[in-house]
Structure formats: C-alpha cells, structure tokens
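Heads up: the protein sequence lines correspond to chains L and X, in order.
Quick note: the first sequence uses the UniProt record's numbering, first residue 1, plus one each step.
Quick note: the second sequence uses the UniProt record's numbering, first residue 1, plus one each step.
Beta carbons: idealized from backbone N, C-alpha and C, even for Gly.
Protein chains: 2
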Amino acid sequence: MRSANLRLSLPKRILDATPPRRIITGPRFTPVVQALPSIVPFVAPDEIERSRGQKFSVRLGANELTFGPSPRAVEAMQAAAATAWMYGDPKSHNLRQALADHHGVQPLNITVGEGIDGILCNLTHLLIGPGDKLVTTKGTYPTLNYFVAGKGGLLQTVPYGPDDRQDLPALLAKAWEVDAKVLYVVNPDNPSGSWHAEGKIESLIEGLPPGCLLLLDEAYHELGVDFDANAKVAVDDLRVLRLRTFSKAYGLAGARIGYALGAPEIIAAFDKIRNHFAISRVGQAGALAALLDQAYLHEVRERVRHARETLGSIAAQHGMRCLPSATNFVTMDCGKDGAFARLVLSELTERNVFVRMPGVPPLDRCIRVSCSSDEDLRIFSEALPGALKDAERKLGSK
Amino acid sequence: MRSANLRLSLPKRILDATPPRRIITGPRFTPVVQALPSIVPFVAPDEIERSRGQKFSVRLGANELTFGPSPRAVEAMQAAAATAWMYGDPKSHNLRQALADHHGVQPLNITVGEGIDGILCNLTHLLIGPGDKLVTTKGTYPTLNYFVAGKGGLLQTVPYGPDDRQDLPALLAKAWEVDAKVLYVVNPDNPSGSWHAEGKIESLIEGLPPGCLLLLDEAYHELGVDFDANAKVAVDDLRVLRLRTFSKAYGLAGARIGYALGAPEIIAAFDKIRNHFAISRVGQAGALAALLDQAYLHEVRERVRHARETLGSIAAQHGMRCLPSATNFVTMDCGKDGAFARLVLSELTERNVFVRMPGVPPLDRCIRVSCSSDEDLRIFSEALPGALKDAERKLGSK
C-alpha cells in the first residue's frame, strides 16, 4: 500500500507525543481471551468426512433426528425461503406466542436463541465474570464449559454417581461449598441418556444455595419417559431456568432454534445483551410449524422408542449392556475401559459408521449411538461385530 | 411444590454453617450487566405492525433487498430445508472455501457469523472489557455500541463531518487521544449512504495508533460506486478487519450470514469464543448459491442504481435534496430540523409506508428510504406529498 499517511493530519500535540514510525502490532485481546486455548473440541461429522475423504454411511453420532422434521415444518421453511430477503422478527413473536400457549405460560417467560448453545453463551455473559463459579457434572454436555471459560469463569465439577446418573446431592453440596452462581444439570442427560424425575428436580431447587441459578438443560425432554404433552411448566421461580430446543425431538438441528423458559426477570435480562437479529426467518417458520404438529412429535417418540429397543437387542447380541435412555440415543457399555471403547469407535469410523463416545470416565467405557431407522441400525449392526473383534485384537497387541 | 428438600442431604458442616430457611433470591448478574439499561432500540417493522394492528404497504425502512435473493439461492434453501435435521457445518467449510476463492484469500482469512451483528458481538467479546475504549461516529450504525456497552466498554464518538460523511481525520485523532482498542468505520456508511474511497481507508490504516484495530463495516460494499467484482481483498494486515454480509446486496437478511475477512491471527481468535454451531444449515446453502450467482448480483446493482435515481427524482419534485448514496437506500434531506423529519416519518407510517430516519444530528434532518421496485416507490411517492404537507401543518401548530 503506497498511500498518504492520514496520521499527518493529526493535531500537533499528538504528533509531537508519539514516534512517527513503529512496528505493526495486532489487536489487544482481553486478558481472559489471551489465556484461552486455541484448540476447541468441536469436530463435526462434516469435518471427519473431509479429513477421511469419505462420506459416512450412517450419521449416528450427533443425536440428530435422522427421521427428519415434520413435513409441515419442511413446507413452512420452503415457503419462508422466498421471503428470506426480510430480517426475521427479532422478538420471534409468533413462535414465542405459540410456545407460551403450548406451555401454559406468557411470551415474557420465553427467550429464543441460536439453539440451546446460543442461550448458554448468553447466559454465561449475564452471570459469569472472571473468577465466578459454575458447578456441573464432569463429562456431561461440554459446550457450557467452553462458554464459561470464554468469560473467565471457573468450572467446579463432581463425577457421575455410581449408577451413571448425575449425582444431585453431590452437585448441590458442591454448589454450597463454592458459592456457585450457576448449577448446570442436563436432564435427560447427554451422554449417559439417564434422567431424574421431576420431583427430584423440585427437591434440588428447594435446596439451592442463595443466588444460585439452576440451569436445567432439557434438550431431550420431549423424548423422555416422563414426558407429558399437557404438562405445564412452572416459570415463576427465580431459581431455575429451563432450556428446550427444536434440534432434537423436533428434528430441526440445522435451523438453530432453542429457547429458555423462566421468570420474566431472568428472561428480560437476555434482551440486554443478546444478538437480537440472530435468528433466521426460515428457522422461525420451521420451528413454529413443527411445534403445531404435535401428532408428528408423538410419532417420533414411538419411532425413537422402537429404535432404542432395537439398539438394546443389537448390544445384547454382543454381550453389551445399554444404559437406560430417555433420549434419542443409546449409550452402550463396551464392557472394558476407555481405551477399548476408543478402539471400538475408531473401528466403526473405519467402517464409515459415525458414532461418538463420552470423553470422561467412568462413562468413557461406552459408545453413544443415535436412534435411527431400521435400515440405518442394520448398517450399524453389521459393522459392530467386526469393529468389536478388531478392537479386541488391537487391545491385545498393545 | 411440595417436595422433600434435597438440602437435608447436605454434609453436616454445610448445614451447620447456613440457615435452614431463607428468602428466595434471583440470579446474581455481573456488575456490567446490572448497569445495563433494560430498553434496547430494536423496534422491528414486525413490531410496529403489531402495535399499529396493520401491515405496512411497503417495507422501505430496513434496507432489505426487496427484489429478493437470487432464485438459485431460494432453490438451494428449499432443497436444504429437507436436510435441516442435520446441524450445519460449524466450520462453514464450503461457504468459506467459495468466499476464499471469490476474494483471492485462504479460508483461514474468513470467519462466518450470525450476520455482521453476530461478528460485532464476538469482536467485542474478544477485545472489549470494562473500561476499554472504542471510537465511532456519533449516529452511524448503532448495534456495535450496544455490544460495547454489554461488555462494559466505553464509547468515544466524533460527529459526522460537514459533508455528512464520517470524519476520518477526527476519528483518527480521537483514536490516538483515548488509546482506542477499536476504531469502527462504516463504509459505505449507514445511515448517510456516504463513502470513502479505498485510498482514504489505506491512509487511515497507516495512521492508526499502535494496537488499535480498524473495524471496517462494509455491509453495503457490493452496492458501492467503487465496487469491482474482481478486486481482491488484502488480508495480511493485523490492523484491520473487514466485515461483509449476505443481508444486503445478496438479499438474504433472513438467513443470517455475515463474515469477516482478516489476518489469520485475528480470525483464529473467533474460534476461541464463538458459538460454533450458530449458523443454520439452510442459510449456509442459500449464501453459497447466492455467492455463485454473480450475474444476479450485477442485475441487483443495476436495479438499485435505477431505484436510487427514481428516489432522487421523487425527492426533487418536493424540493428535497438526496445525499449521495453508495448503498441500497437514499437519505433524503427534509430541509428542516429533526423535529420536522420525525413528523414526516410519523406521517409516512400513518400512511402504512415503513421508512426510518437517522437518530442523531445533523443527519436527523433526513429520512432514509430503501431502494425497491418501481411499484413500491410509486406507493412511497404517492404518500410523500401528503406526509410533507401534514408534517408542515403540525410543525406550524406546535
């Protein structure tokens, strides 16, 4: 660039006080950002496919609803595509009104975000500053941990309980011990598939330390055993925020619509900091249509239940135990340690079957397989014995 | 809720140290968030329509591309809708590769966000902590100001120059004076429509104080007079980050795809804090198809140019002057002060014509009208004389 230097137009007092030439320096990131690691654990299936130079035969690792969303949702998105020159409504008014009717609450009890991840990001902005503490289970859904680190917060973890479920008494004790600003509970849980009944959650809320928010991630709620379509949601409690999504049971992971249900005082705070125009118009239309097609949701629940049973049978054929699941995935205990499960996963990947596994003991003895069609599960079932056998062989040769 | 209190399961040392009953308290927001105002200036056209109980006849206030996106983009989104059960690729790999080819850069020079707003949000997270300073023009695109406040940063402004353009020497002097971490320049500018030639921007970069990032918001770039489809973008400079979007010239405001072009060191920092799964799969498909249809973009440029001329003629018929525009809107000087322009705007709204106006002097003497079809502009043209007349009358009676 050979251009005149606008610096010469500066007032004399600035020119005199600063040297005319200098080394080019980059932006000054905040101290919190400077301390963040460069590597993030977000290896998407698309990325694995690119690095292997091959498409997966089945995509059973991201807990997506392979059955697809309601055909009405697809139609609504296709119609909305032609109107995509307009910004989406920053208030997501129609969707929030429909959600309010559905849950028996008011629109002011609901904020919509770019998936639950978007709400986790905003929630940490609201509550977590450098040194603030958040309590979670070691090995549960990790994206919140990433956002907490991004705000300079401190993660305090407790291990899974002996029954592979989140250990509510231990979580509560830790929250008291560290004066946590947030207690994060995933229910039903990912990656274990386990759940706690609503009564246990109510009891947890009653025991919370003062000023600690229970952040209840209910991404898989509609697929749970306790799900009741008519159950209203209590939203008058300042101690709890519930997160729901259209990415799982409603099959719209690619539309990026999650929402939070809570007291107006908490919901209103999101409007102070969120990206108001972040939600796509097409996604809003799809989510609304999906919500209104509850018959399809019930069909999905049946298909997921069937797939869970099928996966249970497949596992049993190979002497593997499945953890009880209230989600659209099944966590299969490979019967050995994490090293073995990682080999099984690697062998399945070699066979173009995309599944994932929990990253942390004790659950890392398992692989996690998403529910899908009989045909998809047949492909998984055919790949599994060879994968187990080769994993055994490689483990032995180590 | 009549449930057992899980608190009774707490270790004795915690039970003994804390009172058994207490008042329910809400979450503990960070000090920065507590200080934020509750009211945000995001009144969308949808919201105005709801509050008036009537749809607008024409939507000329949000600088959307009323001509719509490329038909190929619509087709691509419609096809992608059926695959919306899959998460979008968190790396936006295909889109970033195509953008890299288009701009003659590498994918590692590009990060994709939820519109430019999403990138503004993330950029403030990276650079602005409590007390950090950002320099901008008073009255230019305000969303960045909102995100700066959300991080506790301090805004330092300079007024528009005497020619209604951003005053580059004054901005530079202010950046030196306050040791700004970021200097924000919108080019072409919103809401004035004015622009600075690339040479001026290069000169500004050469004059920047050390460690100050020039954040160059080029949302309207493809509609500018200096636009050259073949112009490559320099991305090796640590002092500048350029923002582009599919919301304006590409007509995909509702798809929420913006991107930043810059040095790899800056681009990589976004991956430390951004919501990796925020971009919708449908939007990614639409943006890619829109980018590949450059013929349509050139058609759009011609239609926008025609509409700018038409709006100039309409204004001239009423003795109004239009500011020169390098965007898809025209800023019309109503010839009096802000009070009069606000009356004109209000009268247009009463006539179901949606336009906006700059909020800050000296530009608040103007209204801002988006380019659109001849038919839309005819409706505007028919509403304008009555609006001007009634505004004059109301101003006189004040």
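8 angstroms or more divides the Cβ of X/F246 from the Cβ of X/A197.
In the structure shown, L/Y146 falls within a helical segment according to DSSP collapsed to helix, strand and coil.
Around L/M320, no beta-carbon contact reaches into chain X at under 8 angstroms, the shortest distance being about 27 angstroms. At a C-beta separation below 7 angstroms, L/P90 has these neighbours in chain X: F42 and A44. When the five nearest sequence neighbours on each side are left out, the beta carbons in the same chain lying within less than 7 angstroms of the beta carbon of X/I116 are those of D217, A219, L243, T245 and G258, in order along the chain. Taken in chain order, the unbroken stretches of alpha helix (DSSP H) that lie wholly in the stretch 274-325 of chain L and span 4 residues or more are 281-292 and 294-317. At the C-beta level, X/E206 and L/L6 come within 8 angstroms of one another. Remark: C-beta atoms of X/A73 and L/Y87 do not approach each other more closely than 8 angstroms.
Residue burial annotation: L/S313 is exposed, with fewer than 16 other C-beta atoms found within 10 angstroms of its C-beta. A residue is called buried when at least 16 other Cβ atoms come within 10 angstroms of its Cβ; L/H125 meets this threshold and is buried. CA-CA distance, L/C334 to L/Q106, rounds to 46 angstroms. In this structure, the beta-carbon distance from L/L363 to L/P191 falls below 8 angstroms.
The DSSP-derived three-state label of X/Q106 is coil.
Taken through DSSP and simplified to helix, strand or coil, X/M77 comes out as helix. Contact residues of the stretch 239-273 of chain L toward chain X are R239, G251, L252, A253, G254, A255, R256, E265, I266, A268, A269, D271, K272 and I273 (C-beta to C-beta distance below 7 angstroms). For L/K151, the CB contacts under 6 angstroms within the same chain, skipping 5 residues up- and downstream, are T124 and I128 in chain order. In the three-state reduction of the DSSP assignment, L/Q97 falls in the helix class. In the structure shown, the three-state DSSP call for L/V32 is helix. In this chain, the alpha helix (DSSP H) harbouring X/R342 covers G338 to E350. Contacts with chain X at 8 angstroms (Cβ-Cβ) include L/L213. With respect to the 8 angstroms criterion, X/T327 and X/L223 are classified as neighbours on the basis of their beta carbons. In the three-state scheme derived from DSSP, where H, G and I count as helix and E and B as strand, X/R356 is classed as strand.
Annotation for L/C366: the continuous beta strand (DSSP E) segment containing it runs C366 to S370.
Look at X/Y141: its C-beta is not under 8 angstroms from any C-beta on chain L. Under the three-state reduction of DSSP, X/F227 is assigned to coil, being neither helix nor strand. Scanning chain X for C-beta atoms nearer than 8 angstroms to the C-beta of L/N352 yields nothing, as the closest lies near 16 angstroms away.
L/A84 is positioned such that its CB atom lies closer than 8 angstroms to that of X/G254. Contact between X/L134 and X/A170 fails: their C-beta atoms lie close to 15 angstroms from each other, not under 8 angstroms.
Closest by C-alpha distance to L/E202, out of L/H93, L/V240, L/Y296 and L/V158, is L/V240. Spatial neighbours of L/D167 in its own chain (CB-CB distance under 8 angstroms, excluding positions within 5 residues in sequence) are listed in chain order as T137, V158, P159, Y160 and G161. With respect to the C-alpha of X/P130, the residue from X/G113, X/E114, X/T111 and X/L154 having the closest C-alpha is X/L154. Distance from the CA of L/F147 to the CA of L/F42, rounded to the nearest whole angstrom, comes to 13 angstroms. DSSP places X/K200 within a helical segment (H, G or I) once states are collapsed to three. In this structure, DSSP gives X/A260 an extended state, which the three-state scheme calls strand.
Between the stretch 273-286 of chain X and the stretch 303-317 of chain X, the count of C-beta pairs closer than 8 angstroms stays below three; the two stretches do not touch.
If you look at L/R13, you'll find it in the alpha helix (DSSP H) that goes K12 to A17.
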